[in-house]
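I have placed the structure first, in the form of structure tokens, so that the comments after it can refer back to it.
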């Protein structure tokens, strides 16, 4: 017995040295039988485990590198997405009382207005009549021409009431904010600069305070500069008080209860919750509706009011997409964990003799588990460091992506909370993927003592590998289906015809000085006629036209329409349409087909009987397929409930996607441009050759005719179409990237499992070949060991994908969430990939000479 113990001691020390422990530590461990854990302190044990883990991993640098890179990718994509989710959905608003700021909404479903803008009278009603809001402020956005800095510049302007920035808790870094005196009609014109505009346009010059710049024919004095805090609800260049907006300060506009264009915000009083505010405003709306029944549609389905938290208002459009992508990255991490768990299990099998010796010498099951978990956690932490670096490098692209859904995207950053998330995720990942080999090897280490290396991997180990492969395949299948659905959605949206020919067409917006609107200079029609005449004379220009708005530019102005057969029905019966004033060449320049009658002509501008052209779907809706030409319609105002003169329909054109590619085309009425153009218009030019050169020539022509007229949004119509599909493209690209990553990791895992299995069965394969088994038969058996769990994973993944299909329903368009073609395509891709991944290592194993295979033992 003593001789056996001495031999075992010598063998144990030698084995431990070969595993990388070191001679001195090996002898000490062999003498003690690794039984000192009970008496050692925790810190000493941890230091010993870490030292051993480092030595063991140094002996397997390839394994360590693969695990670190695999986990780094999985942790990296999750960290990047979490930084976005944290900045957009979880972090509080960057305002002093952001959790109490609410967006006040008024609705009138009877006329199809779920979020109706406010008039001055309505703002006064809500200010005076509510009992739950301490402050009620207003906002609306406009564009004005700013003069005095060289070339005229069109600036995005926020028109706000006094106290607006106090509600947001935004104190100027220079100068002062607006006061109630600034809101009084006749007050001296003043304005504030946003931080971004101040740094970009004025070079952060502090002396800008007190300077005057011309806007709307008045000299506005700069009184303050806002801090670098995200603006709400829009990113503006400058701000002005309500008294300085030509429309908002107009007496007729103020007196008209139906003249609406303002957005309203409020602050909940101390002790008031959202539900109480909802009930208060609902009661207020009922009273206001009853007092002005001639304006509203009171009742259960009529005029009402509600409040929504400002934070919800900022992120509601982004939440579904971000949560879906966050779930996607988590699935990628699970695939990575299953992959490295497979690798770790294979490595633990190879270390079976070492673990068996340690257990035979007294190391408890808990000690062996702790050692294996220490190694896996160390690798996960290294992967976490790599993941944080990858997240930091990719965050900019994700922010640009999310910026299309919410303005809060730019608040995302790699801060302390994100680093804490990455640390916790790394620790959890290490414990997760390390627990599989730890539990199996710690439980069965003693049974491998004295067995051959090839005999270590028993049936239970193969079953564990099979389960891990099935899990990877199932998760990858779900991701592939999601990516396929979004890709097909993008293709479907991209194939939508906008109703016009956007190629070779340039658009530009020209804004005239206020003097044109105020009648101090000749009518602006003459100005634009001359611009078009000179532009059409440019080389390569085929045609040019003027219009009130260009498709897909974000404009959504709506008004009502009545037919002569259904007149005087009231606002609740108006057909909602978008009016567009255009010149005679508009349809030819845009490539909009005339389906019935004719388009607009130059004579329509001067004839007393005004003419209009309708889109096809609108004409179908109004007259149920009957002839539309020579019918009469009139445009009506929802605000004033009044209608204009009768107009004769002279033609019907194809439907035009004015507001977006998805969904139905916008019902549109095209009118001759002899109406007032509000000081500006969009120009469209169809030309061959370089559209950039045409744009520069157009800008030169405008400035020669009117130096104070800024030219903005010089862009090809193709670019607007590309922007319309960009969110779909980016979402599909991100999902596709995550799915591809999961697919590659999964296939690598399948190949690794088959390679490990064949390496442990080398002797068996040699015996079969030596006894006359055909290589193809042996190859089939080996491939089957990998394909059986892969097929099982496909079945499970398909069931899971069907169960989760509802989660993608709001992200897909033009395809069903359970589309059979997508499911079959993803299944075939994964099946073929798995087959190749199994075949390559199996083929290599069966090509080994039988004599060499028999000597492998």
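Numbering (my numbering), first residue to last: 1 to 857.
Each residue gets a CB set at the ideal place from its N, CA and C atoms; glycine is no exception.
Keep in mind that this is a model prediction, so the values were computed, not measured.
Residue range of the alpha helix (DSSP H) that residue i falls in?
{"i": "residue 780", "result": "775-803"}
{"i": "residue 617", "result": "616-623"}
{"i": "residue 155", "result": "Element bounds for residue 155: not the alpha helix (DSSP H) but the beta strand (DSSP E), 153-160."}
{"i": "residue 83", "result": "61-85"}
{"i": "residue 288", "result": "274-291"}
{"i": "residue 259", "result": "Careful: residue 259 lies outside any alpha helix (DSSP H) and carries neither H nor E."}
{"i": "residue 180", "result": "180-183"}
Going by DSSP, what residues sit across from residue i in a beta bridge?
{"i": "residue 113", "result": "108"}
{"i": "residue 539", "result": "Answer is none; residue 539 lacks a bridge partner."}
{"i": "residue 666", "result": "Per DSSP, none; premise fails for residue 666."}
{"i": "residue 596", "result": "652"}
{"i": "residue 546", "result": "683"}
{"i": "residue 634", "result": "562"}
{"i": "residue 175", "result": "224"}
{"i": "residue 864", "result": "Beyond the ends of the chain as shown, which are 1 and 857, falls residue 864; an answer cannot be given."}
{"i": "residue 506", "result": "685 and 716"}
{"i": "residue 576", "result": "560"}
{"i": "residue 612", "result": "649 and 671"}
{"i": "residue 337", "result": "DSSP lists no partner for residue 337."}
Helix, strand or coil for residue i? Go by DSSP, reduced to three states.
{"i": "residue 97", "result": "coil"}
{"i": "residue 196", "result": "helix"}
{"i": "residue 102", "result": "strand"}
{"i": "residue 675", "result": "Residue placement at residue 675 is poorly supported in this model, since its pLDDT is 47, which falls under 50; the coordinates still yield a value, given next. Reduced to three states, the DSSP call for residue 675 is coil."}
{"i": "residue 564", "result": "coil"}
{"i": "residue 210", "result": "coil"}
{"i": "residue 840", "result": "helix"}
{"i": "residue 232", "result": "coil"}
{"i": "residue 242", "result": "helix"}
{"i": "residue 582", "result": "strand"}
{"i": "residue 824", "result": "helix"}
{"i": "residue 449", "result": "Its pLDDT being 47, under 50, residue 449 is placed unreliably in this model, and the coordinates cannot settle the point."}
{"i": "residue 414", "result": "coil"}
{"i": "residue 170", "result": "coil"}
{"i": "residue 454", "result": "With a pLDDT of 46 at residue 454, under the threshold of 50, the modelled position of this residue cannot be trusted; read the value that follows with caution. Helix at residue 454."}
{"i": "residue 607", "result": "coil"}
{"i": "residue 490", "result": "helix"}
{"i": "residue 118", "result": "strand"}
{"i": "residue 511", "result": "strand"}
{"i": "residue 326", "result": "helix"}
{"i": "residue 191", "result": "strand"}
Would you mind stating whether residue i and residue j have Cβ atoms separated by less than 9 Å?
{"i": "residue 89", "j": "residue 258", "result": "no"}
{"i": "residue 871", "j": "residue 139", "result": "The requested residue 871 is not part of the displayed model; the chain covers only 1 to 857."}
{"i": "residue 485", "j": "residue 789", "result": "no"}
{"i": "residue 392", "j": "residue 414", "result": "yes"}
{"i": "residue 730", "j": "residue 404", "result": "yes"}
{"i": "residue 195", "j": "residue 236", "result": "no"}
{"i": "residue 600", "j": "residue 532", "result": "no"}
{"i": "residue 327", "j": "residue 102", "result": "no"}
{"i": "residue 586", "j": "residue 684", "result": "yes"}
{"i": "residue 382", "j": "residue 72", "result": "yes"}
{"i": "residue 828", "j": "residue 70", "result": "no"}
{"i": "residue 564", "j": "residue 650", "result": "no"}
{"i": "residue 232", "j": "residue 191", "result": "no"}
{"i": "residue 652", "j": "residue 577", "result": "no"}
{"i": "residue 344", "j": "residue 416", "result": "no"}
{"i": "residue 262", "j": "residue 119", "result": "yes"}
{"i": "residue 175", "j": "residue 141", "result": "no"}
The beta strand (DSSP E) that contains residue i, what's its start and end?
{"i": "residue 218", "result": "218-225"}
{"i": "residue 147", "result": "133-147"}
{"i": "residue 701", "result": "Not the beta strand (DSSP E): residue 701 falls in the alpha helix (DSSP H), residues 691-705."}
{"i": "residue 264", "result": "263-268"}
{"i": "residue 713", "result": "711-716"}
{"i": "residue 498", "result": "Neither: residue 498 is in no beta strand (DSSP E) and is coded neither H nor E."}
{"i": "residue 309", "result": "304-309"}
Under 9 Å between C-beta atoms, does residue i make it to chain D?
{"i": "residue 637", "result": "No chain D appears in the structure shown, which is made up of a single protein chain."}
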